[in-house]
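In what follows, a single structure is set out as structure tokens and then discussed.
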Amino acid sequence: MEHKGILSSAFNMSLGFVPVIISILLCELITQDTAIYIGTGIGIVGIYLSHRQKGVLLPNFILYIATGVLSLLSLAALIPGDYVPPGALPLTLEVGILIPMLSLYMHKRRFINYFLRQIGACKKRLYAQGAEAAVVSARIVLIFGILHFIIISITVILQSPLSKTSLFVLYKILPPTVFIMSILFNQIAIRFFNHLIAHTEYVPIVNTKGDVIGKTPAIEAINYKNTYINPVIRIAVSTHGMLFLCDRPSTAILDKNKVDVPMECYLRYGESLAEGANRLISNAIPQAKDIKPEFNIVYHFENEVTNRLIYLFIIDLEDDSVLCTPRFKNSKLWNFKQIEENLGKGFFSCCFEDEYEHLKNVIYIREKYKES
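Here it is as structure tokens:
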């Protein structure tokens, strides 16, 4: 099944340069004044149609700016005299667009924050997103514009006077190319973003009762620490009446390198608890077959580092040879006496210390049942 991208082409604000591109191309075929009028008309029609479409409006601020610049040039065309030297319209339009793009990019934070404050009042929730997309487009076109003027400077220094070919390329071909490349690169960025999001792993956001109330990328579950409650599966392993424990990874965000149960992971969005537990076991001990984890308890755990709803499972193994794997760092079997001698000394993970009494009771009852 084909997945629709998170961002559509509507987020390619560089499409707002189309009226400018058309004016530049037309000025080679018709008079400069007429080319400007046509470009201005196209921009106005584009703005009108975007506001007439159904659904939530995604404003193209780049189109507004480009149409504004063209409108000013259209008014200037009514004044007698050569407001734009013959043949200079492409470069004039490029400079006329890049100046407000530079201003927009330099004041990007103020620009975006303004619309963030307006969202609640005007109920146009995509205005802030449109502002962010406009800043991205401004940055891209400024990069190509700067490259264009660097090329002009180098060519003028190395070649004086400029040949007809150089004049044509520098002042006729490259100005529209700057805007066309901005559109293309913006679209490539959108496609890359959508591809990245399509392969992003999500984890659910839950309340303390376990009800799913949203989702977030797994990387945010790590970076945002205790902003949301995320479900975590933990699996304890018992064998011969003892607990199998190992060191937590040095990359863990919580209690790194402390002794803990051997398996832990976030529950994926859309995944059941059983599926998550089986996935965790398959990744940790793939050589083990037909292991059925038993769900024990669920509890809410929060501190300054993380905020989790923990689902604790336990598996009982008769054959502990499957645990001999490099995945489990500094692993060994612990009896209850050894564990209790080290409780409260910062040796074990905080979650394990909370779970210990429950695990001890479960294993004790299970072993008594085996004896009878």
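Going by numbering that gives the first Met the number 0, the letters in the sequence shown line up with residues 0 to 371, in that order.
Just so it is clear, CB atoms sit at the ideal spot from N, CA and C, and this is done for glycine as well.
Item                                                                                                 : Value
Helix, strand or coil at G213 according to DSSP, with G and I counted as helix                       : strand
Backbone CA spacing between S13 and N185 [nearest angstrom]                                          : 7 Å
Close Cβ partners of T66 (< 7 Å) along its chain, the five nearest in sequence each way excluded     : P18, T39, G42, I43 and I46
Nearest-angstrom Cα separation, counted from S271 out to Y298                                        : 17 Å
Collapsed DSSP secondary structure at P84 in the structure displayed                                 : coil
Rounded separation between R365 and K359 - CA only                                                   : 10 Å
Same chain, Cβ closer than 8 Å to T154, five either side skipped, listed in chain order              : L161, S165 and L169
Endpoints, the alpha helix (DSSP H) within which D32 is located                                      : Q31 to R51
7 Å Cβ shell around F283 - same chain, five flanking residues per side excluded                      : Going by the sequence as given, residue 283 is Ala instead of Phe. Once the five neighbours on either side are set aside, the close Cβ partners of A283 are P261, M262 and R326.
Status (buried if at least 16 other CB within 10 Å, exposed otherwise) for P174                      : buried
Option in T33, L242, S181 and Q158 with minimal Cα separation from Y355                              : L242
Residues sharing a beta bridge with M262, DSSP                                                       : I234
Terminal residues of the alpha helix (DSSP H) in which I149 lies                                     : Y126 to L157
Nearest-angstrom Cα separation, counted from I252 out to I296                                        : 23 Å
Rounded C-alpha distance that separates P99 from F351                                                : 58 Å
Buried versus exposed, by CB contacts within 10 Å (16 or more), P285                                 : exposed
Proximity winner among G129, A235, G345 and L308, relative to L316 (alpha-carbon distances)          : A235
Cutoff 8 Å: Q128 Cβ touching any chain B Cβ                                                          : Annotation note: the requested chain B is absent from the structure, which comprises a single protein chain.
Rounded C-alpha distance that separates V134 from N229                                               : 33 Å
Under the three-state DSSP convention, the category F351 falls into                                  : helix
Through-space distance from L62 to R138, alpha-carbon basis                                          : 15 Å
Whole-number beta carbon distance between G129 and N59, since they are thought to touch under 8 Å    : 7 Å
Beta-bridge pairing of E301 - partner residues as DSSP gives them                                    : N306
Per DSSP, the bridge partner or partners of N229                                                     : R307
Among I96, E131, A87 and P84, the one whose alpha carbon lies nearest that of K107                   : E131
Rounded straight-line distance, which links the Cα of S22 to that of I64                             : 15 Å
Assumed close pair V361, I313 - CB separation to whole angstroms, cut-off 8 Å                        : 6 Å
Cβ neighbour criterion (16 or more within 10 Å) applied to S8                                        : exposed
Residue environment, E27, which counts as buried when at least 16 other CB atoms sit within 10 Å     : exposed
Beta carbon of I35 nearer than 8 Å to that of L69                                                    : yes
Proximity to F10 [Cα-Cα], best of I212, G269 and I187                                                : I187
Ordered list of alpha helix (DSSP H) runs contained in the segment 317-364, each at least 4 residues : 335-341
Residue environment, I280, which counts as buried when at least 16 other CB atoms sit within 10 Å    : buried
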